[in-house]
Every structure is written in C-alpha cells, then in structure tokens.
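To start, the structure under review is shown below, and the notes come after it.
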Amino acid sequence: DGGITQSPKYLFRKEGQNVTLSCEQNLNHDAMYWYRQDPGQGLRLIYYSQIVNDFQKGDIAEGYSVSREKKESFPLTVTSAQKNPTAFYLCASSIRGINIQYFGAGTRLSVL
Amino acid sequence: DQQVKQNSPSLSVQEGRISILNCDYTNSMFDYFLWYKKYPAEGPTFLISISSIKDKNEDGRFTVFLNKSAKHLSLHIVPSQPGDSAVYFCAASVNSGGSNYKLTFGKGTLLTVNP
Numbered sequence: 392d393g394g395i396t397q398s399p400k401y402l403f404r405k406e407g408q409n410v411t412l413s414c415e416q417n418l419n420h421d422a423m424y425w426y427r428q429d430p431g432q433g434l435r436l437i438y439y440s441q442i443v444n445d446f447q448k449g450d451i452a453e454g455y456s457v458s459r460e461k462k463e464s465f466p467l468t469v470t471s472a473q474k475n476p477t478a479f480y481l482c483a484s485s486i487r488g489i490n491i492q493y494f495g496a497g498t499r500l501s502v503l
Numbered sequence: 005d006q007q008v009k010q011n012s013p014s015l016s017v018q019e020g021r022i023s024i025l026n027c028d029y030t031n032s033m034f035d036y037f038l039w040y041k042k043y044p045a046e047g048p049t050f051l052i053s054i055s056s057i058k059d060k061n062e063d064g065r066f067t068v069f070l071n072k073s074a075k076h077l078s079l080h081i082v083p084s085q086p087g088d089s090a091v092y093f094c095a096a097s098v099n100s101g102g103s104n105y106k107l108t109f110g111k112g113t114l115l116t117v118n119p
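Sequence lines, in order, name chains A and B. Here the numbering used here is used: the first residue of the first sequence is 392, the next is one more, and so on. Here the numbering used here is used: the first residue of the second sequence is 5, the next is one more, and so on.
Quick look at the structure:
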C-alpha cells in the first residue's frame with residue numbers, strides 16, 4: 392500500500408528540548424513538504440525539498456530544521472528556538488512537475 | 005498578507021442540496037488551483053483541481069469553477085451527502101517551469117451536511 396507515514400501521531404516536548412517528527416513515503420515522489428496547521432488557520436509551509444540533499448525554507452522556517460538524505464524520508468526537527476511549537480504538523484509529497492500534493496495523517500505536537 | 009481567502013468559516017446545507025464553497029485570491033501569478041477536504045486529526049485529501057487555462061473542471065459530484073477576471077473560484081458539491089461534512093481548503097500555486105512550488109492555502113471552510 393503506497394502512502395505517506397508520519398510518526399508519532401502525538402508528541403510532547405519539554406521546554407528547551409529538540410524533537411524530531413518522522414515522515415516517510417513509498418510513492419517514489421521527488422518532492423516533499425512540511426506544513427504547520429494552527430486552529431482556525433490554513434496550512435503554512437515550513438520547509439520543502441524537491442530533490443535529495445536539497446531543501447528550501449518556506450514561509451515559517453525559523454526554529455525548524457530538516458534533512459533529506461534519502462528520497463523517501465524528510466524528517467523535521469522542532470528546535471528549542473521555536474517558541475510556539477504547539478500545532479498540527481503535516482508532511483506531504485508530490486511528483487516533480489505536478490502540483491498535486493498528497494498528505495500524511497499528521498503529528499500533533501504539544502508542549503509540556 | 006493573505007493571498008488565498010476563504011471568507012466563510014462555515015457553511016451548513018441539507019442533504020441532497022447543493023453546497024457552494026468560495027475562494028478568492030489576490031496573486032495574479034497563481035495559475036493552478038486545488039481543493040482539499042480534511043477531517044479532524046487527519047491529513048488533507050486532494051479533491052479536484054483546475055488550471056488557469058480552464059474555467060470549469062468536473063469530477064463526479066464535484067465541480068470547480070474559475071473566474072480569472074474576478075480572481076475567484078468555487079467548489080460545487082451536488083448532491084451533498086452527510087459524509088461530505090469536513091473542512092474544505094482552497095489552495096493555489098504558481099506553475100513555474102514545471103518545478104514543484106509551494107501551495108498557498110486558505111483558512112478553510114467547515115461544511116456541515118445535515119441529514
């Protein structure tokens with residue numbers, strides 16, 4: 392079954408702690424994305440990657456970091472510099488050259 | 005500055021009737037538009053899209069209309085079903101040179117279809 396898997400589903404962060412959200416896809420898509428959703432808000436782009444070993448900042452990259460060492464994986468680290476990390480995080484992927492993005496089920500991050 | 009606007013936070017319709025969800029955009033460079041459906045605590049699911057070279061695209065019960073001069077698009081669902089109850093997001097992108105670029109999302113409209 393092809394798809395995008397995000398883990399964990401729920402994550403709790405302590406003050407000053409870095410946490411990493413996992414995103415894996417077996418769709419053979421080139422491009423991957425991370426979005427953040429806050430209550431009553433649309434999705435805002437954090438980072439995106441169109442190819443392995445390359446990624447670009449989105450609209451709200453401060454306090455986040457990513458890596459793209461493998462085509463199928465695009466982990467997101469929420470660093471202690473992100474002062475308001477509580478949100479629903481969504482990973483997406485797409486075929487290069489096609490605008491339709493497909494989303495995982497999301498990770499809900501809360502601060503303890 | 006919000007480039008994609010969904011001015012109705014919520015919409016309620018009766019089962020079997022038409023649902024019309026609206027979306028306005030300000031960036032004239034947008035040339036590809038998408039609608040996504042999202043249930044609580046799940047990721048958005050792609051519904052339907054339209055390129056700026058068209059003014060209508062239809063897929064089963066879902067039709068998207070694009071009015072470029074007004075920078076407005078709408079999603080029609082006919083007939084509406086209770087399972088259509090979800091948040092609907094409008095999204096837009098600039099299709100530049102065949103490369104993937106970010107989607108800019110509206111804030112969403114909560115559709116409730118009453119039995």
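The beta-carbon is built from N, C-alpha and C at its ideal position, and this holds for glycine as well. Values in this document were obtained by computation on a predicted structure and should not be read as measured data.
Chain B contact for residue i (CB, 7 Å cutoff)
| i | result |
| --- | --- |
| Leu-434/A | yes |
| Phe-494/A | yes |
| Leu-481/A | yes |
| Asn-419/A | no |
| Gly-497/A | yes |
Residue-level contact to chain A via CB, residue i, 7 Å cutoff
| i | result |
| --- | --- |
| Pro-119/B | no |
| Ala-62/B | For clarity, residue 62/B is Glu in the given sequence; the question names Ala instead. Chain A contact via Cβ: absent. |
| Gly-47/B | yes |
| Ser-55/B | no |
| Tyr-36/B | yes |
| Lys-122/B | Outside the shown range of chain B (5 to 119) lies residue 122/B, about which nothing can therefore be said. |
| Ser-97/B | yes |
| Lys-75/B | no |
Contact set for residue i: own chain, Cβ-Cβ below 7 Å, skip 5 residues either direction
| i | result |
| --- | --- |
| Val-98/B | Met-33, Phe-34, Asp-35, Tyr-105 |
| Ala-478/A | Arg-427, Gln-428, Asp-429, Leu-500 |
| Asp-63/B | Ile-52 |
| Gly-497/A | Gln-397, Phe-479, Tyr-480, Leu-481 |
| Gly-20/B | Pro-83, Ser-84 |
Residues of its chain near residue i, where Cβ-Cβ distance is below 8 Å and the 5 sequence neighbours each way are ignored
| i | result |
| --- | --- |
| Phe-66/B | Trp-39, Leu-51, Ile-52, Leu-79, His-80, Ile-81 |
| Lys-72/B | Ser-56, Asp-59 |
| Ile-22/B | His-80, Ile-81, Val-82, Pro-83, Ser-84 |
Other residues of its chain near residue i: CB distance less than 6 Å, five sequence neighbours each side excluded
| i | result |
| --- | --- |
| His-420/A | Ser-484, Ser-485, Ile-486 |
| Thr-30/B | Gln-7 |
| Met-423/A | Ser-440, Phe-465, Ser-484 |
| Lys-41/B | Thr-49, Leu-51, Ala-90, Tyr-92 |
| Thr-116/B | Ser-16, Ser-89 |
| Lys-111/B | Gln-10 |
| Phe-37/B | Ile-54, Leu-77, Ala-96 |
Nearest-angstrom Cβ-Cβ length linking residue i and residue j, presumed shorter than 8 Å
| i | j | result |
| --- | --- | --- |
| Asn-26/B | Gln-6/B | About 14 Å; that fails the 8 Å criterion. |
| Leu-114/B | Pro-13/B | 7 Å |
Under 8 Å by beta carbon: chain D residues contacting residue i
| i | result |
| --- | --- |
| Leu-467/A | No chain D is present in this structure, whose protein chains are A and B. |
Original post:
When the Cβ atoms of the segment 400–413 of chain A are set against those of the segment 458–477 of chain A, are three or more pairs found closer than 8 Å?
Top reply: Judged by Cβ distances under 8 Å, the segment 400–413 of chain A makes contact with the segment 458–477 of chain A, as three or more pairs qualify.
Original post:
So does the segment 409–418 of chain A actually touch the segment 433–449 of chain A, counting three or more Cβ pairs closer than 8 Å?
Top reply: These segments do not touch.
Original post:
What residue ranges within the segment 65–103 of chain B form continuous beta strand (DSSP E) runs of no fewer than 3 residues, ordered along the chain?
Top reply: Fully enclosed beta strand (DSSP E) runs of 3 or longer: 66–71, 76–81, 90–97.
Original post:
In the segment 424–484 of chain A, which residue ranges form an unbroken alpha helix (DSSP H) of at least 4 residues, counting only runs that do not cross its ends?
Top reply: Listed in chain order, nothing qualifies, since the segment 424–484 of chain A has no complete alpha helix (DSSP H) run of 4 or more residues.
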